[in-house]
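Student:
In the working numbering, the protein residues as written are 77 to 618.
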């Protein structure tokens, strides 16, 4: 039975939205929908626009690959059951807590994730545009009282604003054109509550499944294309107030596909709906875009590496890394989280030298791309990387033995909140080791003020920094002002630059060489004046 109700009463009545014959209807949650076909594709013979042609091609493709509604058909892979056994828990482990949440699952297929989401959330609306898949999902999971199953084309789906706190999508966006994807992302933003999350996973760069395909209209985008698309969309709040967009919480590879199929092109994103203000990021939509287009362009990163040493983009390169890591007394099998991992040199060093497992996080896509390239040649499965915002990332309590960070937290405003997270993520007895840019007492020189503003740094004195760590709950906090060492390192790096001048210019350019030299000289001047300082912080969790 179909009920009719204004959209603003949807949540109070606990009715689920359904599109039928172009109108929005509402049905009681959990009721199966026999006899109804919520299809909006129309006749392919009547397609008049390129977008309609895309939909027709995708429909024909999936008609061919949904006849029996099997796992192998849906995943387009003969090893579907084996892959699912390994990857399903991996994917679910990436999701934020869903207890009490209303979840929208787009491209639900036959329900291999629906069955698990239904046990985790208050309600799941599972949508797919192939009838056989929806019926199979309903047959297997319809006994749950908190599920609604809808057949619909996501490009035509129309749901009330702010009606979900989590959207889950697994292999959907690669079946949409760029125009369709932009439109769908805008709708997803409007359907999500502020602070809500979007998780999606896609095959990037090329196909992954081994199923025979007579034709293949799938769009295999690069990771960078997806990241740009999802962070570029914006919508206004329903009241016409502030705008909202997506920020990346993390982006990471599906390790199951790396290990079982030597395929690094299965990529997951977790995004959060946040207020958007372009002025706060120097004209860029997100802080990540600001980093990747300003300080951490690919060329800029490689120039830094030439100064710091192969694999490194932090002060002192391999020498300070060895000195600081030795303070940790690492043991084989320990788990290390590297926050602001750069291009991974320190992570490879820890894994190879001490036999630890390392997860490296960095907000810069360019940094992680280079780290991934290096990882393939290092052949170290114990080191993994992901693009992630450490201030939004979550891990279970007691996940790591060590949290390590080099010259990164200078970008983060609320350091105390981050250090409290670190404390939670560490096991009892776990260690925190941080080096970071600090500052002297104010007032600063005008030049230093301008430098800090241009870079977007949030700096404190070494003593203030140490107090934040102590306030976060750590004990045995050692807060050292290492500015003298910092000055010595800069001077040695400047001398090294003179020694490799010809090599540097040949690899980059004369302009690049003098840009780096001048940058290092300015850093030296700021440090000798007392404005810029460098701190080393070591602490333990009881």
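Just so it is clear, CB atoms sit at the ideal spot from N, CA and C, and this is done for glycine as well.
#1: Looking at the unbroken alpha helix (DSSP H) that takes in residue 466, where does it start and where does it end?
#2: Among 305, 280 and 361, which has the Cα closest to the Cα of residue 328?
#3: Determine, using beta-carbon pairs with one atom in the stretch 210 to 225 and one in the stretch 264 to 283, whether at least three such pairs fall under 8 Å.
#4: In three-state DSSP terms, what is residue 112?
#5: Do three or more CB pairs link the stretch 287 to 303 to the stretch 330 to 338 at distances below 8 Å?
#6: Between the Cα of residue 523 and those of 217, 590 and 601, spot the shortest distance and give me the residue it belongs to.
#7: Which of helix, strand or coil does DSSP assign to residue 481?
#8: Would you report the Cα separation of residue 457 and residue 481, rounded to the nearest angstrom?
#9: For residue 134, which option in 173, 253 and 158 has the closest C-alpha, if you only look at C-alpha atoms?
#10: When DSSP labels each residue in this structure, what does residue 576 get in the three-state scheme?
#11: Between which residues of its own chain and residue 212 is the CB-CB distance below 8 Å, once the five residues before and five after are set aside?
#12: Could you spell out where the beta strand (DSSP E) holding residue 551 opens and where it closes?
#13: Determine the direct distance from the alpha carbon of residue 205 to that of residue 190, and round the result to whole angstroms.
#14: Short of 8 Å in beta carbon distance, which residues of its chain neighbour residue 272, apart from the five on each side in sequence? Order them along the chain.
#15: Where does the unbroken alpha helix (DSSP H) through residue 497 begin, and where does it stop?
#16: Can you check whether the CB of residue 516 is closer than 8 Å to the CB of residue 619?
#17: Measuring alpha carbon to alpha carbon, tell me which residue in 286, 399, 216 and 150 is nearest residue 612.
#18: How about residue 501 and residue 534: are their beta carbons less than 8 Å apart?
#19: Alpha carbon to alpha carbon, how far is residue 449 from residue 560? Give it in angstroms, no decimals.
#20: Would you call residue 452 buried or exposed, if buried means 16 or more other Cβ atoms sit within 10 Å of its Cβ?
#21: Which residue spans inside the stretch 240 to 295 form an unbroken beta strand (DSSP E) run of at least 3?
#22: Could you pull the start and end residues of the alpha helix (DSSP H) that residue 620 belongs to?
#23: Quick one: Cα of residue 319 to Cα of residue 417, how far?
#24: Run the CB neighbour count on residue 410, radius 10 Å, all protein chains shown included, and call it buried at 16 or more, exposed below.
#25: Taking the alpha-carbon positions, what's the residue 655 to residue 605 distance?
#26: How long is the line joining the alpha carbons of residue 176 and residue 462, rounded to whole angstroms?
#27: Per the contact definition of three or more C-beta pairs closer than 8 Å, is the stretch 372 to 390 in contact with the stretch 584 to 601?
#28: Between the stretch 231 to 240 and the stretch 163 to 170, can you find at least three pairs of beta-carbon atoms closer than 8 Å?
#29: Quick check on residue 187: does DSSP put it in helix, strand or coil?
#30: Just checking, does the stretch 438 to 446 make contact with the stretch 365 to 372 on the three C-beta pairs under 8 Å criterion?
#31: Taking Cβ positions, are residue 419 and residue 389 nearer each other than 8 Å?
#32: In angstroms with no decimal places, state the Cα-to-Cα distance between residue 317 and residue 532.
#33: Since residue 394 is in the alpha helix (DSSP H), which residue starts that stretch and which ends it?
#34: Closest by CA to residue 487, which one among 496, 475 and 513?
Tutor: Working from what's here:
#1: Position 390 of the chain shown, counting from 1, holds the residue named residue 466. Counting along the chain, residue 466 falls outside any alpha helix (DSSP H), and DSSP gives it neither H nor E.
#2: Here the question's residue 328 lines up with position 252 in the chain shown. Nearest option by C-alpha distance: 280.
#3: With a cut-off of 8 Å, the stretch 264 to 283 and the stretch 210 to 225 do not count as touching, because too few Cβ pairs lie within range.
#4: Translated into positions along the chain shown, residue 112 becomes position 36. With a pLDDT of 33 at residue 112, under the threshold of 50, the modelled position of that residue is not reliable, and the figure given next carries that caveat. When secondary structure is reduced to three states using DSSP, residue 112 falls in the coil class, being assigned neither helix nor strand.
#5: Counting Cβ pairs under 8 Å, fewer than three are found: no touch.
#6: Counted from its first residue, the chain shown places residue 523 at position 447. Of the candidates 217, 590 and 601, the one whose C-alpha sits nearest the C-alpha of residue 523 is 601.
#7: Start at 1 with the first residue of the chain shown, and residue 481 comes out as number 405. If DSSP states are grouped into helix, strand and coil, residue 481 belongs with the strands.
#8: Stepping through the chain shown from its first residue, residue 457 is reached at position 381. Stepping through the chain shown from its first residue, residue 481 is reached at position 405. One C-alpha to the other measures close to 21 Å.
#9: Within the chain shown, the letter at position 58 stands for residue 134. Nearest C-alpha to residue 134: 253.
#10: Residue 576 sits at position 500 when you count from the first residue of the chain shown. Residue 576: coil per DSSP, three-state reduction.
#11: Counted from its first residue, the chain shown places residue 212 at position 136. Here the set comprises 145, 186 and 187.
#12: Indexing the chain shown from 1 puts residue 551 at position 475. For residue 551, the enclosing beta strand (DSSP E) has its first and last residue at 551 to 557.
#13: Counting from one through the chain shown, the residue named residue 190 turns up at place 114. Counting from one through the chain shown, the residue named residue 205 turns up at place 129. Taking C-alpha positions only, residue 190 is separated from residue 205 by approximately 15 Å.
#14: Start at 1 with the first residue of the chain shown, and residue 272 comes out as number 196. Cβ contact annotation for residue 272 (same chain, cutoff 8 Å, sequence separation greater than five): 240, 241, 242, 243, 348 and 349, in chain order.
#15: Position 421 of the chain shown, counted from the start, is the residue given in the question as residue 497. Unbroken alpha helix (DSSP H) run through residue 497: 491 to 501.
#16: Nothing about residue 619 can be reported from this structure: the residues present for the chain run from 77 to 618 only.
#17: Start at 1 with the first residue of the chain shown, and residue 612 comes out as number 536. Out of 286, 399, 216 and 150, 399 has the C-alpha closest to the C-alpha of residue 612.
#18: For the purposes of this step, residue 501 is taken as the residue at position 425 of the chain shown. For the purposes of this step, residue 534 is taken as the residue at position 458 of the chain shown. Their beta carbons are not under 8 Å apart, which means residue 501 does not touch residue 534 by this criterion.
#19: What you label residue 560 is simply residue 484 of the chain shown in a count that begins at 1. What you label residue 449 is simply residue 373 of the chain shown in a count that begins at 1. Here the C-alpha atom of residue 560 lies approximately 35 Å from the C-alpha atom of residue 449.
#20: What you label residue 452 is simply residue 376 of the chain shown in a count that begins at 1. Around the beta carbon of residue 452, a 10 Å sphere encloses fewer than 16 other beta carbons of the protein chains shown; the residue is thus reported as exposed.
#21: Listed in chain order, the complete beta strand (DSSP E) runs (minimum 3 residues) inside the stretch 240 to 295 are 240 to 246 and 268 to 279.
#22: In the structure as shown, the chain starts at 77 and stops at 618, and residue 620 therefore has no counterpart that could be examined.
#23: Your numbering for residue 319 matches position 243 in the chain shown. Your numbering for residue 417 matches position 341 in the chain shown. The C-alpha of residue 417 is placed about 32 Å away from the C-alpha of residue 319.
#24: Sequence index remark: in the chain shown, residue 410 carries index 334 (1-based). Residue 410 comes out buried.
#25: Absent from the structure is residue 655, since the part of the chain shown begins at 77 and ends at 618.
#26: Residue numbering aside, residue 176 sits at position 100 when the chain shown is read from its first letter. Residue numbering aside, residue 462 sits at position 386 when the chain shown is read from its first letter. Distance between the alpha carbons of residue 176 and residue 462 is about 28 Å.
#27: Yes, the stretch 584 to 601 is in contact with the stretch 372 to 390.
#28: Output reads no: the stretch 231 to 240 does not touch the stretch 163 to 170.
#29: Stepping through the chain shown from its first residue, residue 187 is reached at position 111. In this structure, residue 187 counts as coil in the three-state DSSP scheme.
#30: The stretch 438 to 446 makes contact with the stretch 365 to 372: 3 or more CB pairs, one atom from each, lie closer than 8 Å.
#31: Your numbering for residue 419 matches position 343 in the chain shown. Your numbering for residue 389 matches position 313 in the chain shown. Yes, they are a contact pair.
#32: Sequence index remark: in the chain shown, residue 317 carries index 241 (1-based). Sequence index remark: in the chain shown, residue 532 carries index 456 (1-based). Computed Cα separation, rounded: 27 Å.
#33: Taking the first residue of the chain shown as 1, we reach residue 394 at position 318. Start and end: 393 to 401.
#34: In the chain shown, counting from the first residue as 1, residue 487 sits at position 411. That would be 513, whose Cα lies nearest to the Cα of residue 487.
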